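**Student:**
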Amino acid sequence: MKLTTKGRYAVTAMLDLALHGGQGPVTLADISARQEISLSYLEQLFSRLRRRELVVSIRGPGGGYHLSRGAASIYIAEVVDAVSESLDTTRCGNKGDCQNGEKCLTHHLWSDLSDQIHQFLSGISLGDLMQRHEIRQVADRQNRRQAEGDSDTINTERLIDQAPA
1 MKLTTKGRYA
11 VTAMLDLALH
21 GGQGPVTLAD
31 ISARQEISLS
41 YLEQLFSRLR
51 RRELVVSIRG
61 PGGGYHLSRG
71 AASIYIAEVV
81 DAVSESLDTT
91 RCGNKGDCQN
101 GEKCLTHHLW
111 SDLSDQIHQF
121 LSGISLGDLM
131 QRHEIRQVAD
141 RQNRRQAEGD
151 SDTINTERLI
161 DQAPA
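Residues in the sequence shown are numbered from 1 upward in steps of one, following full-length UniProt numbering.
#1: Could you say if the segment 54 to 68 and the segment 11 to 21 meet the contact criterion of at least three C-beta pairs nearer than 8 angstroms?
#2: How many Å lie between residue 41 and residue 49 at the Cα?
#3: Is the Cβ-Cβ distance between residue 127 and residue 71 less than 8 angstroms?
#4: For the alpha helix (DSSP H) that contains residue 67, what are its first and last residues?
#5: Please list the terminal residues of the continuous beta strand (DSSP E) segment that includes residue 55.
#6: Determine which residues share a DSSP beta bridge with residue 148 and list them.
#7: By how many angstroms is the C-alpha of residue 102 removed from the C-alpha of residue 91?
#8: In chain order, what residues of the same chain lie with their CB nearer than 7 angstroms to the CB of residue 124, ignoring the 5 residues before and after it?
#9: Tell me which residues share the same chain as residue 118 and place their Cβ nearer than 7 angstroms to its Cβ, disregarding the 5 neighbours each side in the sequence.
#10: Return the CA-CA distance between residue 100 and residue 144, expressed in angstroms with no decimal places.
#11: Which residues in the same chain as residue 58 place their Cβ atom closer than 8 angstroms to its Cβ, once the five residues preceding and following it in sequence are excluded?
#12: Of the choices 122, 147, 136 and 131, whose alpha-carbon is the least far from that of residue 82?
This is the structure we're talking about:
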């Protein structure tokens, strides 16, 4: 089974949002900086997450995103499903045509494994992940690095505002 980048990034971004959402809306730029995920890719993912009503966008100054409901009630399988990510472990995309148009000998084994993985991820919420000590440690490290980076970064918006006309 291979969970592709789309599913991994969606889960990572949603966990970041859950961890930082208590301070108000979180911008995709902040998630992008902390998680090293391209902003344009996040925009695509969050469009899908918004359509599935897992996140809410806040427009305007101070805007960003927040979870549509509590982190304890958003499950990892929902996030993966929202970005149309398949957790299928069969060769045939679970179509049953894996061997000359028919089911192969092990089709049901791999299909059952796909179901087990989905069931496993359906039992883990963002809230569960937020409680894990090692996840909190990684988040703390990322926050420190972002804070250190922010102090070293030139505010280009200010420079543009000050540019001669």
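Ideal Cβ positions, reconstructed from N, Cα and C, are used throughout, including at glycine. Quick caveat: nothing in here was measured; it's all calculated off a predicted structure.
**Tutor:** The structure says:
#1: As far as the Cβ criterion goes, the segment 54 to 68 touches the segment 11 to 21, which means the pair count is three or higher.
#2: Looking up residue 41 in the sequence shown gives position 41. Looking up residue 49 in the sequence shown gives position 49. For residue 41 and residue 49, the distance between alpha carbons rounds to 12 angstroms.
#3: Residue numbering aside, residue 127 sits at position 127 when the sequence shown is read from its first letter. Residue numbering aside, residue 71 sits at position 71 when the sequence shown is read from its first letter. In this structure, the beta-carbon distance from residue 127 to residue 71 falls below 8 angstroms.
#4: Indexing the sequence shown from 1 puts residue 67 at position 67. No alpha helix (DSSP H) holds residue 67; the beta strand (DSSP E) holding it covers 64 to 67.
#5: In the sequence shown, the residue the question calls residue 55 occupies position 55. Annotation for residue 55: the continuous beta strand (DSSP E) segment containing it runs 55 to 58.
#6: Counted from its first residue, the sequence shown places residue 148 at position 148. According to DSSP, residue 148 bridges with nothing at all.
#7: Residue numbering aside, residue 91 sits at position 91 when the sequence shown is read from its first letter. Residue numbering aside, residue 102 sits at position 102 when the sequence shown is read from its first letter. Across the structure, residue 91 and residue 102 are spaced so that their CA atoms are roughly 12 angstroms apart.
#8: Here residue 124 is taken as the residue at index 124 of the sequence shown, counted from 1. Closer than 7 angstroms at Cβ, skipping near neighbours: 75 and 76.
#9: Taking the sequence shown and counting its residues from 1, the one referred to as residue 118 is at position 118. Correct list, in chain order: 77 and 87.
#10: Taking the sequence shown and counting its residues from 1, the one referred to as residue 100 is at position 100. Taking the sequence shown and counting its residues from 1, the one referred to as residue 144 is at position 144. Rounded to whole angstroms, residue 100 to residue 144 spans 55 angstroms at the Cα level.
#11: The residue labelled residue 58 in the question sits at position 58 within the sequence shown. Around residue 58: 25, 64, 65 and 66.
#12: Numbered from 1 along the sequence shown, position 82 holds the residue referred to as residue 82. The shortest C-alpha separation from residue 82 is found at 122.
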